[in-house]
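A.B. asks:
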Amino acid sequence: MLKIGIIIGSTRPGRNAEQVAKWVYDFASKRNDAEYELVDLKDYHLPLLDEAYPASFGQYSNEHTKAWAEKIKSLDAFIFVNGEYNHSIPGALKNA
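Taking my numbering as reference, the numbering of the sequence shown is continuous, increasing by one, and the terminal residue is 97.
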C-alpha cells in the first residue's frame with residue numbers, strides 16, 4: 002500500500018501548519034487506498050548546514066540527519082504543509 006507522509010514543514014512556535022496538517026491527516030485517513038502518517042520536522046532537530054556533504058551524496062554523519070533520511074526514504078509520497086515566508090518555504094524545510 003502507498004505510504005504518504007504529511008510533512009509539517011514549519012518549526013516556529015505558534016505555527017498554524019500543525020493544525021492544518023492534522024486536518025489533512027484526518028480527512029485523508031478516511032480513504033482506504035493509502036496509509037498516511039504525520040511527520041513533524043520539528044521532531045528531528047536538524048541544525049542548519051550540519052553535514053559535511055550535500056544531501057544528494059547520502060553520506061550523513063549525524064544521527065538526527067540519518068533519522069530524517071530514513072523517515073523520508075520510508076515514504077512513497079509527500080504532502081507538505083507549511084507557511085509561506087518571504088514568498089518561499091520556511092528555512093527549516095529548505096535545510097531538511
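Every residue, glycine too, gets a C-beta built ideally from N, C-alpha and C.
#1: List the endpoints of the continuous beta strand (DSSP E) containing Glu36.
#2: From Gly92 to Lys74, what distance separates their C-alpha atoms?
#3: Where DSSP assigns a beta bridge to Ala78, which residues make up the other side?
#4: Given a cut-off of 8 Å on the beta-carbon distance, is the pair Gly102 and Arg32 in contact?
#5: Pull up the CB-CB distance for Leu3 and Ala22, whole angstroms please, since I reckon it's below 8 Å.
#6: Quick one, are the C-beta atoms of Ile80 and Ile7 less than 8 Å apart?
#7: For Thr66, which of Ala78, Ala53, Asp77 has the nearest alpha-carbon?
C.D. replies: In brief:
#1: Counting along the chain, the beta strand (DSSP E) containing Glu36 begins and ends at 35 to 41.
#2: Lys74 has its alpha-carbon roughly 21 Å from the corresponding atom of Gly92.
#3: Answer by DSSP bridge pairing, in chain order: Ile5.
#4: Limits of the chain in this structure are 2 at one end and 97 at the other, which puts residue 102 out of reach.
#5: For a cut-off of 8 Å, the C-beta gap from Leu3 to Ala22 is around 18 Å, too long to register as a contact.
#6: Contact flag set, yes.
#7: When Ala78, Ala53, Asp77 are compared, the shortest CA-CA separation from Thr66 is found for Ala53.
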